[in-house]
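Undergrad: The following block contains the structure, expressed as structure tokens.
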Amino acid sequence: MPHQQAASPAVDINAPAPTPPQGPEPTVEAEAAGSPAAILAALTLAQKVAMLHQHSPAVDSLGLAPFHTGAEAAHGVAWLGPATVFPQPVGMAATWDPDLIERLGEATGHELRGKKATDPSVSLNAWAPVVNPLRHPLWGRNEEGFSEDPHLTAELAGAFCRGMKGRDPHTWLTVPTLKHFLGYNNERDRNVTSSNLSPRVLHEYELPAYRGPIEDGVAGAVMLSYNLVNGRPAHVSDLVREHLRQWRNGEGITVVTDAGAPGSLFRAEKYFDDGPAAYAAALHAGVDSFTDDGDNPGPSIAYLNGALAKGLIDEAAVDAALLRLLTLRARTGEFAPERDPYASIGPEAIGTPAHVALAREAAAKAVVVLRNEPAAGSADRLLPLGDPAGSIAVIGALGSRVLSDWYSGTLQDAVSIAEGLGHRYPGSVTAEEGTDVVAFRCVRTGGYLGGSGGAVLTARAGAPGPEHSFNLKDWGSGELTLRLVQTGKFVTDTGDGYLRAAADRVGGWVVQETFRAAYAADGTAALQHVGSGKWLRIEAGTGSAALVPDYGLADSFVLRVLSSGHEAARSAAAQAHTAIVVVGNDPHLGGRETLDRTSLDLPLADQELIRIVREANPRTVLVIVSSYPYALGGLADTPAVAWTSHGGQELGHGVAEILSGDSGPTGRLPQTWFGRDEDLPDILDYDIITSQSTYLYSSAEPLYPLGHGLTYGEVRYGSVALRELSGGTPDRADTAELTIEVHNAGLRPAQELVQVYASAPGHPSGFPRRLLVGHERVDIPAGGSATAVIRVPLERLATFNVAAGRLVVEPGSYLLLAGASAADLPLAVTLEVAGSPTPGRSRGAWFRAETYDACGNLALVPETPLAGTAIAPAGCGQPAWSVYRGFSTEAAAGQAAAGAQSVLLDVVSCTPSGPAARATVRVQVPGPAGTWNTAGTGHVDAAFTGVLRIPLGQGPAVGAAGFRLVFEGGVTVSRVQLA
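Quick note on the working numbering: the sequence shown kicks off at 14 and runs consecutively.
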């Protein structure tokens, strides 16, 4: 059981502050407009502690208003009512347009200021953007991230931060917060699973997404993640002080916790015995603000006071955290409002025509045309629709609705795809949802389920009428929604255990609008409410639709199909010149925060709808509106396929602009669309190098690669020329400049996103198969040519050298590849990087055990609870191994290279499993044909800690090929030495 902290005595945080130990006491007026350091000096310890909670109280004596960290603003202001809603972040990223994304950030910042003008409690500390690279496409929060590539993520998310920060050199419009540090890409058991980040994965893949915006000075805060990293909770990770705080601008970054995470340290994670120990460790690790217990700071204050009383923290630690918090507040002009250039922004900034136009621009530029071929019997590509377009049928529930997500603002004047096309082609567009209209008859009572006006549903009618007709939509995995045809309202539980058709949309932290049907052998079905897990029963007497916990009490229903969605879809498609079938996800279902997806496949109901439409009309355009990639299987050959994220309020206008051809498509995929579930690693496997995952390492043939997207032109790549540029050192190049000629043989102009990737066969550390290193968009007139000039800093070629312990650009040959995507790279040029090879590992010197070159069945674990990383078997059922290569041919001081006869291990702990009373470690050297030969064996008893020496047998000295450690049993090792 978690430790229960006793409530602390009430503290008057507005008690007069003591006189500062040095200098005269500042006046209240001076403090109200003073520096963070001066304000800090005037606070009592009780006041300081209270201000470390998310909800910081007012300090009347200093004129400080209440404050709290955190306003949601992932793609527009959220949770504060009406606001302009822009495309989801993954949709923003599909534009590959930093300038546009910066303008989206600036508009979001202005609207957040507008909200604060009418509600002073609104925080200007925005909890956005999410910069976790989109490592795994089944992650439930895929919609919140930007790209699979960490450097592209840094560029685009950094642009959003730049806009949210504003243009004034002294005062910030808002303070963006980067989420979530670190290694967070799974929702299943997210606060108890550990993300294994080897040094290479850490430095090459995880850290760059955060480092770019921080070193550029456009982010003011970082939120920590729920998960553990290398066995240690991220909220007490030593990576904050060892890396983040060491970067340029990192020392002043405010670190906030995710909601409820401090309590998880000693509850779910059980990493600490009690609250004071957990809060103290988090504070020392770098946390500045604790988000726990909602708006009730009492428990957090009690834990911090308990930590002070036990000597786990001191006032200096509190001061360090609070100074960063006060600096965050000062950045937005809070302490000097008379000098705030944004003080005049009022509520009129919300939903301005300019912001609506910006939303429309973003919605159009986020559309990615994935495929565009002629329909059967036609010579011309299906898109653009052009003029005249003939009759158009928009088929599918997502064609007629605009959906919001958990981090959306309240949609205003939202335009669906059917409406957008209807505005573009008046009188030519029809909409058909393609869902069955059904009625439910209770077997026991004989009555049909229904109701109107938001009243509790009943099952008393002897025959179904309009108020008993429901649109039944299957969202996959057996999850259904029921929407009353008469009113368009969803059936929901409003909180009292009775069902009403009263919801405008599917939503909420726990969705209340979905059901599952449990079918019996006789064809009847019991209905389970997913949100509560309860079952539908019709009450005796009133006939009311009530939820009961026991399946045995559930009523059985006969489902009558009043009209077939399939037949309606077939008819609409057959009668139209062009059919546009729209499928995808509801952002609250299937995959979202707290819920990962289980498959890349489209729901079977959507697959069947597409098949029906294609059979009825060869001129079928498939539009996917989704938060994440899908595998399309046999449906990938639909003549035209386009994707967009949930695109905000102007979704319909944006899609219509691209499908019609009023604008050419410029969107490109920010992440790979893999073709099969089998192409993905386990979602909990964060070692992208060992698992050969993401576009960087995967050899799987993708359905659509990173960067893919078509234009309406006919773009051909002509030539590439390389020029090496020198910066500060005249005799050494630091930049590669590529000049790339592209041609457009088509009849329409094209905007081509020219991309440059790097490869390095034979690289000593193992280079990615391809690595995005640059991109530039160029306009190519019909029948004309254009030139893209892309500069690649050589530092982008750096890999983390495990022997040197740093990022290194290794000398040698690199291929720079240019083309339209990560898989379409027709041009290549060789770049020779001069220099001396990086020195290898030194004999006779300790090196960290986690700096292996390869491993298997290995876990990264804490060396001590709060510092250091060690290695241990991931499971004791089979051996684990780690390989160490690249030893220098020169001996360390006092060592003879030929006399290397031992391997030393620094053993942290040993926990043998099974009948064995000790663990075994074998040292193996490379043999012929990929074999390994055991050169020495050591045994570790359960009570042993310290240095274990494993003598090696007679034979050749260990060379550059190194050796392998094989672990049998639960032994934990922090350091290794070849002696």
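Where is the CB? At the ideal position from N, CA and C, for every residue including glycine. In this text the structure is predicted, and so the values were computed from the model without any measurement.
My understanding is that P2 touches Y292, with C-beta atoms under 8 Å, so please give their C-beta distance in whole angstroms.
TA: Because residue 2 is not part of the residues shown, which for the chain are 14 to 992, the question remains open.
Undergrad: Once DSSP output is grouped into helix, strand and coil, what is the label at M64?
TA: coil
Undergrad: Do you know whose CA, among W185, F976, A232 and Y197, lies nearest L191's CA?
TA: A232
Undergrad: Please state whether DSSP places A910 in a helix, a strand or coil.
TA: Because A910 carries a pLDDT of 46, less than 50, the predicted location of this residue cannot be relied on, and no value is offered for it.
Undergrad: Could you give the residue range of the beta strand (DSSP E) that holds Y292?
TA: Where Y292 is concerned, there is no enclosing beta strand (DSSP E), although the alpha helix (DSSP H) it sits in stretches over G288 to A298.
Undergrad: Which class does G959 belong to by DSSP, given the choice of helix, strand or coil?
TA: strand
Undergrad: For E981, decide whether its Cβ has a neighbour in chain C, counting only Cβ atoms nearer than 8 Å.
TA: Among the protein chains of the structure shown there is no chain C, as only one such chain exists.
Undergrad: When you compare each of E876, V916 and G832 to W859 by their alpha carbons, which one comes out closest?
TA: V916
Undergrad: Who are D837's beta bridge partners in DSSP?
TA: S834
Undergrad: Apart from the five residues just before and just after P642, which ones in its own chain have a Cβ nearer than 6 Å to its Cβ?
TA: For P642, same chain residues with a beta-carbon under 6 Å away, outside a window of 5 residues either side, are P150 and W686 in chain order.
Undergrad: Please go through the same chain and pick out, in chain order, the residues whose beta-carbon is closer than 8 Å to the beta-carbon of S557, but skip the five residues on each side of it.
TA: The beta carbon of S557 sits closer than 8 Å to those of V469, L470, T471, Y511 and I551, all from its chain and outside the five residues before and after it, given in chain order.
Undergrad: In angstroms with no decimal places, state the Cα-to-Cα distance between G759 and H216.
TA: 43 Å
Undergrad: Checking the sheet assignment: what are the DSSP bridge partners for K486?
TA: Within the DSSP bridge table, the entry for K486 names T494 as partners.
Undergrad: Between the region 276-295 and the region 309-323, can you find at least three pairs of beta-carbon atoms closer than 8 Å?
TA: Taking a cut-off of 8 Å on C-beta distances, the region 309-323 touches the region 276-295, as three or more cross pairs fall below it.
Undergrad: If we count the other Cβ atoms within 10 Å of its Cβ and call it buried at 16 or more, is V574 buried or exposed?
TA: exposed
Undergrad: Do you know whose CA, among A222, V846, L810 and P652, lies nearest G390's CA?
TA: When only C-alpha atoms are compared, the closest one is P652.
Undergrad: Inspect the beta-carbon positions of F813 and G853 and report whether they are closer than 8 Å.
TA: It is not a contact, given that the beta carbons lie outside the stated cut-off.
Undergrad: Starting from Y708 and walking both ways along the beta strand (DSSP E), at which residues does that stretch end?
TA: Run containing Y708: none in the beta strand (DSSP E); it sits in the alpha helix (DSSP H), T707 to Y710.
Undergrad: Tell me whether A329 sits in a helix, a strand or coil according to DSSP, three-state version.
TA: helix
Undergrad: Taking the straight line between their C-alpha atoms, what separation do you get for E580 and I408?
TA: 12 Å
Undergrad: So, is V62 buried or exposed, given that buried needs 16 or more other C-beta atoms within 10 angstroms?
TA: Here V62 is buried. Its C-beta has 16 or more other C-beta atoms within 10 Å.
Undergrad: What number of angstroms, rounded off, separates the C-alpha of Y438 from the C-alpha of A410?
TA: 20 Å
Undergrad: From this set, G475, G478, D449 and S704, which residue's C-alpha is nearest L493's C-alpha?
TA: D449
Undergrad: Can you give me the Cβ contacts of N870 inside the same chain, cut-off strictly under 8 Å, excluding the 5 residues immediately before and after it?
TA: P886, A887, G888, Q891, P892, A893 and W894
Undergrad: Per DSSP, Y897 forms a beta bridge with which residues?
TA: As a beta-bridge residue in DSSP terms, Y897 pairs with F976.
Undergrad: Count the CB pairs spanning the region 355-368 and the region 618-626 that are closer than 8 Å, and state whether there are at least three.
TA: No, they do not touch.
Undergrad: For the candidate residues T800, G982, Y865 and K486, whose alpha-carbon lies nearest to that of G779?
TA: Y865
Undergrad: Compare the Cα-Cα distances from E432 to each of A586, L241, Q662 and S238 and report the closest residue.
TA: In this structure, Q662 is the residue among A586, L241, Q662 and S238 with its C-alpha nearest to the C-alpha of E432.
Undergrad: Quick one, which of G825, S834 and A862 has its alpha-carbon nearest S849's?
TA: G825
Undergrad: Decide if R819 is buried, meaning its Cβ has at least 16 other Cβ atoms within 10 Å, or exposed.
TA: exposed
Undergrad: Where A932 and L709 are concerned, what is the direct C-alpha to C-alpha distance, given to the nearest angstrom?
TA: 37 Å
Undergrad: Looking at C-alpha atoms only, which residue of A514, Q60, T270 and S569 is the closest neighbour of L540?
TA: S569
Undergrad: Where are the beta strand (DSSP E) runs, 3 residues long or more, that stay fully inside the region 765-841, in chain order?
TA: 784-793, 798-806, 812-814, 819-821 and 825-832
Undergrad: Under 8 Å: do the region 60-80 and the region 719-738 share three or more Cβ pairs, one atom per stretch?
TA: no
Undergrad: By DSSP's criteria, A655 is part of a beta bridge. Which residues make up the other side?
TA: V382 and V636
Undergrad: Check each candidate in V249, E228 and R745 and name the one with the smallest Cα separation from R261.
TA: The option with the nearest alpha carbon to R261 is E228.
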